[in-house]
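Going by full-length UniProt numbering, the first residue of the sequence shown is number 1, and it counts up by one from there.
A short worksheet on the structure shown next.
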Amino acid sequence: MATGWQKLGSSAWLLRRQLHALTAISKRGRRVTPVCVRSIYSATGKWPKDYTLQTRKDVEKWWYPRIKDQASKTSEMDKSKPKFYVLSMFPYPSGKLHMGHVRVYTISDTIARFQRMRGRQVINPMGWDAFGLPAENAAVERNLHPESWTRRNIEHMRGQLDHLGLCFSWDREITTCLPDYYRWTQYLFIKLYEAGLAYQKEVSSNQDPQNQSSISNRTTSFTCPDTFGASTKCCLLLFLFSLFSQAMQDGLADLPEWYGIKGMQAHWIGDCVGCHLDFMLKVDGRDTGEKLTAYTATPEAIYGTSHVAISPSHRLLHGHSSLKEAFQKALVPGKDCRTPVIAMNMLTQQEVPVIIAAGADLEGSLDSKIGIPSTSPEDALLAHALGLSYSEVIETLPDGTERLCSSAEFTGMTRQEAFLAVTQKARGERVGGEVTSDKLKDWLISRQRYWGTPIPIVHCPACGPVPVSPEDLPVTLPRISSFTGKGGSPLATASEWVNCTCPRPFSRALADYWMPVDLYIGGKEHAVMHLFYARFFSHFCHDQKMVKHREPFHKLLAQGLIKGQTFRLPSGQYLQREEVDFTGSVPVHAQTREKLEVTWEKMSKSKHNGVDPKEVVAQYGIDTIRLYILFAAPPEKDILWDVKTDALPGVLRWQQRLWSLTTRFLEARAGGMEPQPQRLSSKERAEASRIWKYKNAVISQVTSHFVEDFSLNSAITQLMGLSNVLLQASPKIVVHSPEFEDALCALLVMAAPMAPHVTSELWAGLALVPRKLCEHYTWDTGVLLQTWPTVDPEYLQQPDIVQMAVLINNKACGKIPVPQHVAQDPDKVHELVLQSDLGVRLLQGKCIKKAFLSPRTALINFLVQE
């Protein structure tokens, strides 16, 4: 029968022989603690006593290729496994990563590794935001084609990410400038066009003669021909975002807190208190066939309309409208002008005049507005000034209630009742009525010359605009042999557009399984527009029955900046660090002795405060940089990149303590001492019990940080505390206590997502120790493949833990442990349930209408849409 040593394999046999050879007997006949020697991992063949810089390099050199591809593949969809989708904002391929990139991707990598250890099927994709005018301009400056410039940068940045040991799901990589990606951008554009949400009109734009592009205040990135000349009026395409404003405003209530970003989204959308209604335009009693859509904040009072106002920049004055001449003749700059055009309300059939308002803009960001004097003093003044007739449609009862009068079938209703009835009728008759905001403008496609997604619309002289058939997508960019860039139109050199083969079709099953994104990580500077775009498209796809989810992201983690120190002359010129003299009490210019303004700013080449990730890794190692980024501050706070602060030495010392702790255990167990828990005294058993309690508390708290607030700095602090407790353990506890051994193993497993290389080495050392007391670990696999530690059931019976009963539609489904101090917090209990195994199994992907937390008993009831 094979011995325990034989079962460990040849490497363990070699270790055993070396241990015997190095074990010495003193003159008094006592066994001396041997030097713990390794033969397969470190470059020297020895297990060093200290975790020095060279040791760190040796360890990372060994483990880097062995773990980098461990999690790079996404397994086939298995609906029996809970999923976790962590997504980082994609970088623009400028050719060089900075420490801000390193921070966001370190956070996502750490959380992805943690979720895999929890048994989740994880996707952590990477992509490249590769289209755009900056890429085209940079390529032109280098006399390159934008495609070759972009691809070269992507390859370089992919290598940088790889060098940092980041494990993305590279089989899910996307690049926005490749046809297999923008084929779906075009598909969505066609869907928007067919739904009436993408349309073409002339609008004012900001002409950029240097770049030969038209840049509006409301831009997005599609290719648009650069033949605008010097005109500031361009025929462009817009997205009708306003129709989704109410749904997107309401959707925010169902999302967890987003570090204040939900408030920013709500402010951007504005209060959804009104709606747009449609009017047909007439001149001299003749129906022109043209339609005008205008906004009112009080649709319940629509029968009191006196006029419809348009701004001087409205498309009717500048586009291809047949009424353009009539409007322009009526226009008197700086004055409110009545026009000969009549607008017939398609809901009420009332006819009112169209006026041109004196101001450039109306309320909010509108360019057309329904005038109702009964609810607007400004409209009443305008109606009186222009002699416009109207009806009073609001009457106030003695009790203060406002009711409708002179309003057809809505007469007698309260204003709230009438609001709902009017908007519902308008939606039913398809003449408007979608409740929206007066702040939200439609979004403009105007910025690109060449390097952007081609718009899949054919302009036929006979038929007008015709969308390309989805089967014929993608419409690819033309291949241009001579890229003229800023000096001319690259599109003009292409005689035809080349078709590509269609990639594999869209899979709703995959989308419904993986979406929504469980955790989206990125900069707070994208809190409004970027997230608004993403939410808009997700809401639209849901309405089109393409996907079951409405919101694209469940949780959002907005990480702060990494700032570098800058040195600036009074003239504003930034200096390189080599140009600064630090010998005095304050930094001065080494050449002129001028005092400098010293600040912390976002890293930038122009400010000479950038830090090359490759240089930092070469100096400190991958794990040290990962730990520094995670430990220096909470993810949402800025980090001042100063390696002289306590954070970097702190994580270096912690790695040394982990190394020393594991070395002490290896030496204790390798000395021939058989672990015998029964040899522990009552005092030592009490010490072991305290270690057991501390371990369980740390597991609970660290897990909570990973799934709730993502305060990974606090998680590291907890692990440091556990390390210190274990270092203080008495020698007999180290040898004989299963509690000590289990706590050490749990410590390394919990540290592994944050410092994968050093923990892989330490775990491999533990794996070779014979006669282990903890058999619930998988000792023939690495630390990153271990199951995340869970709190022992006995610990959950402690008085500070509450067993929370979970009901779904009034049916008991199980219980989860909840800390006593949060048991009465509905939001925290709600989140703990959703993150638990029970919640993932029973509630993931379900539409939760409401959750009720009992104020008297430990019970929460989820009402779920069947």
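Note that beta-carbon positions come from the ideal geometry of N, C-alpha and C, so glycine has one too.
Keep in mind the model is a prediction, meaning the values are calculated, not measured.
CA-CA distance, phenylalanine 553 to leucine 197, rounds to 23 Å. DSSP, reduced to helix, strand and coil, places isoleucine 310 within a strand of the structure shown.
Close CB contacts of phenylalanine 419 within its chain, under the 7 Å cut and outside five residues either way in sequence, are with Pro299 and Glu300 (chain order). For glycine 251, the enclosing alpha helix (DSSP H) stretches over residues 245-251. With contacts defined as CB atoms closer than 8 Å, alanine 343 and valine 352 qualify as a contacting pair. For the 8 Å CB-CB criterion, aspartate 800 and proline 819 form a contact.
Relative to the Cα of proline 731, the nearest Cα in the group Met546, Ser681, Phe279 and His98 belongs to Ser681. For methionine 750, the uninterrupted alpha helix (DSSP H) segment begins and ends at 738-751. Taking the Cα positions, threonine 185 is about 55 Å away from threonine 663. Glutamate 395 is bridged by DSSP to Arg403. Isoleucine 691 and arginine 657 have their C-alpha atoms roughly 17 Å apart.
A Cβ-Cβ contact shorter than 8 Å links proline 179 with proline 474. Leucine 784 is positioned such that its CB atom lies no closer than 8 Å to that of threonine 106. In the three-state reduction of the DSSP assignment, proline 649 falls in the helix class, which pools H, G and I.
Contact between the segment 104-119 and the segment 157-174 is present: 3 or more CB-CB pairs across the two stretches fall below 8 Å. Judged by beta-carbon spacing, valine 341 lies beyond the 8 Å limit of leucine 366, meaning their Cβ atoms are not closer than that value. Comparing C-alpha distances from alanine 330 to each of His318, Tyr193 and Ile356 shows the shortest one belongs to Ile356. Shown here, cysteine 774 sits in coil according to DSSP, grouped into three states, outside any helix or strand. Approximately 6 Å separates the beta-carbon atoms of isoleucine 699 and alanine 746; this is inside 8 Å, confirming the contact.
Counting along the chain, glycine 522 sits inside the beta strand (DSSP E) bounded by residues 517-523.
Taking the Cα positions, leucine 569 is about 6 Å away from glutamate 597. Going by DSSP, threonine 599 is part of the beta strand (DSSP E) stretching over 597-602. Check the Cα spacing between leucine 161 and each of Val840, Gly270 and Gly100: the tightest is with Gly100.
In the three-state reduction of the DSSP assignment, threonine 592 falls in the coil class, being assigned neither a helical nor a strand state. At a Cβ-Cβ threshold of 8 Å, threonine 401 and threonine 414 count as neighbours. Residue burial is scored here from C-beta neighbours: lysine 555 has at least 16 other C-beta atoms within 10 angstroms and is therefore classed as buried. Per DSSP, reduced to three states, the secondary structure at phenylalanine 862 is strand. When the Cα atoms are used, alanine 752 and tyrosine 628 turn out to be separated by approximately 15 Å. When rounded, the separation of the alpha-carbon atoms in isoleucine 860 and arginine 550 is 25 Å. Taken atom to atom, the span from the alpha-carbon of phenylalanine 710 to that of tyrosine 520 is near 12 Å.
It is roughly 11 Å from the alpha-carbon of glutamate 257 to the alpha-carbon of glutamate 708. Rounded to whole angstroms, the gap between the alpha carbons of alanine 590 and proline 516 is 55 Å. According to the DSSP assignment, threonine 185 belongs to the alpha helix (DSSP H) that extends over 179-194. About 13 Å separates the CB atoms of threonine 476 and phenylalanine 131; that is not less than 8 Å, and the two are not in contact. With contacts defined as CB atoms closer than 8 Å, glutamate 741 and lysine 772 qualify as a contacting pair.
Per DSSP, the unbroken alpha helix (DSSP H) holding asparagine 153 starts and ends at 146-163.
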